[in-house]
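Numbering follows the numbering used here, in which position 74 of the sequence shown is assigned residue number 242; successive positions increment by one, without gaps. The beta carbon of each residue, even a glycine, is placed where N, CA and C say it ideally should be. Keep in mind that this is a model prediction, so the values were computed, not measured. To start, the structure under review is shown below, and the notes come after it.
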Amino acid sequence: MSDTTTQRARSARIERATTETDIVLQLNLDGSGVINVATGSGFFDHMLTAFAKHAGFDLDCRCTGDIEVDDHHTVEDVGLVLGTAFAEALGDGAGITRFADVLVPMDEALVFAAVDISGRGQLHYRVEVPIEMIGSFDTTLAKEFFIAFTSKAGITLHLEALAGENSHHILEATFKAAARALREAVALDGRVSGIPSTKGTL
C-alpha cells in the first residue's frame, strides 16, 4: 500500500441549496469524535449522531429545510449530501477493506447490516417498524434516507431487522448497524495493495 493511501485526508465538504433545503455538510472518515448535527428534526439528529459516532466519522451537518411541510425533504436531501461527501472523501478506495457485515443489538431489537463499497448504489431494506411516527418523525423516512445515501455513496447496503418491538430501538439499531459495517468497510487494510477489485476500479 502506498504512502499516499495512508496519508491522504479522507474528508469532504459539500454545500447544496434548493428551494426545499439548504445544507452544509463536512465529513471525515477518519474521525476523532467531532459531531455537530442540526437539521431541525430532533429524532433525525439523534440518528445521524449515532451513525457518525459508531462509524467513527467526524460529521458537521447543518440543514435548513421546509420542515413546516414535513421532514421528508430534509431527510432525503441530507442523505444525498452525506452520500456525495462519503464518495468524495473515499476517493478511489485504494487500500480499503471494502466488505463488512455486523449484527447490532439494542435491547430487544437486533439488526443485520452488510456493505460492499462497490461503486454501485443499491439498498436492500427489510426493516419493519411497528408505528408510523416517533415524535414528529415519520418512520418511513429512514428508508428514504438510506436510499438517498447509498445512491450517492455508490455502495451496496443490506439492512434487515431480525428482532424488535420498540420502533425507536429498531431504527436506532439500524443506523448503528449501518455505521459499524461502514466503519469496517472503509478501514485501510495493510494487506490490500491498490484498488480492492479484480477490475482495477470500484
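Around the beta-carbon of Arg-294, fewer than 16 other beta-carbon atoms lie within 10 Å, marking it exposed.
In the DSSP annotation of this structure, the continuous segment of the alpha helix (DSSP H) that includes Leu-250 starts and ends at 240-258. In this model, Ser-304 and Asp-239 are separated by some 8 Å (Cα to Cα). Between Leu-248 and Thr-318, the alpha-carbon positions lie close to 8 Å from each other. Here DSSP, grouped into helix, strand and coil, assigns Thr-307 to coil.
When the Cα atoms are used, Gly-201 and Glu-300 turn out to be separated by approximately 32 Å. Shown here for Thr-265: same chain residues with a beta carbon closer than 8 Å to its own, the five before and five after excluded, namely Glu-352, Ala-353, Val-354, Ala-355, Leu-356, Asp-357, Val-360, Pro-364 in chain order. When only Cα atoms are considered, Ala-253 and Phe-267 end up about 19 Å apart. In terms of Cα proximity to Glu-236, the closest of Asp-226, Gly-263, Thr-189 is Thr-189.
Excluding sequence positions up to five before and after Phe-219, its CB lies within less than 6 Å of the CB of Phe-343, Ala-347, all in the same chain and listed in chain order. Secondary structure of Val-354 (DSSP, three-state): helix. Each residue's CA atom was taken as its position, placing Ser-179 and Glu-312 some 24 Å apart. Each of Pro-298, Glu-340, Thr-307, Arg-288 was checked against the Cα of Leu-325, and the nearest Cα belongs to Arg-288. Unbroken beta strand (DSSP E) runs of no fewer than 3 residues, entirely contained in the segment 196-246, are found at 203-206, 226-233, following chain order. Look at the beta carbons and you see the segment 194-213 not touching the segment 276-284: under three pairs across the two are nearer than 8 Å.
DSSP, read as helix, strand or coil, puts Ile-302 in strand. The closest CA to that of Val-272, considering only Leu-350, Arg-181, Asp-260, Thr-307, is found on Leu-350.
The Cβ atoms of Ile-191 and Thr-232 sit closer than 9 Å to each other. If you look at Asp-269, you'll find it in the beta strand (DSSP E) that goes 267-274.
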